[in-house]
Amino acid sequence: MSFSASTFSGVKFHFEYVPLKLKNYTKLFTWSERKDWKMLDIGSGPGQLLLEVLSILPSNYKEIVCVDKELDMVNHLNTVNKDSRISCRQLNIETEALPADLKGRFDFAFSSNCLMYLQNYRQVFSNVHEMLKPKGELFFIWGKICPIHEIYHKLSRSDKWSIYLEDFVDWKSYFNNESSVDLLERICKSANLNILKVEELNDLVIEYDDLQSHMDIFDSLDHISGRIPESDLSEYKKDYHKLAMTYLTVEKIDNKQKKVKLHFPSVVLAARKS
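Okay, so the sequence shown: first residue is 18 according to my numbering, each after it adds one.
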């Protein structure tokens, strides 16, 4: 999997619900009461959402460490004009070899729409537990499904594209197949994390004024098109877009396109290290 920060240029992600939800959850946490608190941002991407979230966080933090699996994202975020207390580094949150300097370091871990791209949740939560200080807390929000990877899974069954998508043959959106609450209770218990609150946003809808804006987002998130030969790229894009459309609802009034909606059921988790 390889994302490029350049593909997000000019693309507007409508994730305004994330900082709003975090703000509603702050009363559950104690980390913000600590002097010189430290935060971990998991799956920072190009950093757009972090900059939005910063506006609602207390300003007395000592450091915010942004981590992302993709070096291109890390390099991009390092060029963004930001507070000197914010640093960026490459890290695969599913790693089994966690860097020693990250262990027991953070009061608060934050992640938005990163976990939907992952598969080894037990390793992820075990790593987060290791990186939190005693009584450290986390706020994670992510989609129950990952439309992009589900598209890849469907394309992997095609004779034409299967050779390029072998790593998505067994893809599974875990939180769309059973109760998120039950699954998270088992995962958090295994990682010695106490759940403060779990919320399922089954009716969450992301809305745009036109179809092209939505398709631009799907294109920006397509991180395997680089595997496709140039001669087949046009056909691949056609098949990719056709499947992307199955996740969208286009509302029309008087035969004119009015709104484009993406039904995006999500999970919100607040937890504390035991």
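Here a beta-carbon is modelled for each residue, glycine too, at the ideal position from N, C-alpha and C.
Check                                                                                        : Outcome
Cβ-based burial, residue 271 [other Cβ within 10 Å; buried from 16]                          : exposed
Rounded straight-line distance, which links the Cα of residue 197 to that of residue 220     : 15 Å
Pick from 104, 62, 47 that is closest to residue 238, judged by C-alpha positions            : 62
Member of 122, 91, 112 whose CA lies at the smallest distance from the CA of residue 55      : 122
Member of 78, 255, 45, 77 whose CA lies at the smallest distance from the CA of residue 168  : 255
Three-state class that DSSP yields for residue 157 in the structure shown                    : strand
Presumed contact (8 Å Cβ cut-off) between residue 45 and residue 213, rounded CB distance    : 5 Å
Contact set for residue 108: own chain, Cβ-Cβ below 6 Å, skip 5 residues either direction    : 84
6 Å CB neighbourhood of residue 140 in its chain, flanking five on each side removed         : 111
Residue 261: first and last residue of the uninterrupted alpha helix (DSSP H) it sits in     : 250 to 262
Cβ shell of residue 193 (< 6 Å), same chain only, five flanking positions each side left out : 161, 162
C-alpha distance - residue 79 paired with residue 178, whole-angstrom precision              : 48 Å
Extent of the continuous beta strand (DSSP E) to which residue 127 belongs                   : 123 to 129
Of the listed residues 282, 267, 253, 201, nearest to residue 230 (C-alpha basis)            : 267
C-alpha distance - residue 113 paired with residue 143, whole-angstrom precision             : 10 Å
CB of residue 70 within 7 Å of CB of residue 104, strictly                                   : no
Spatial distance of residue 15 from residue 283 (CA atoms)                                   : The chain is shown only over 18 to 291; residue 15 falls outside these bounds and no answer can be derived.
Closest Cα partner of residue 35 within the set 258, 232, 222                                : 222
Bridge partner(s) assigned by DSSP for residue 266                                           : 278
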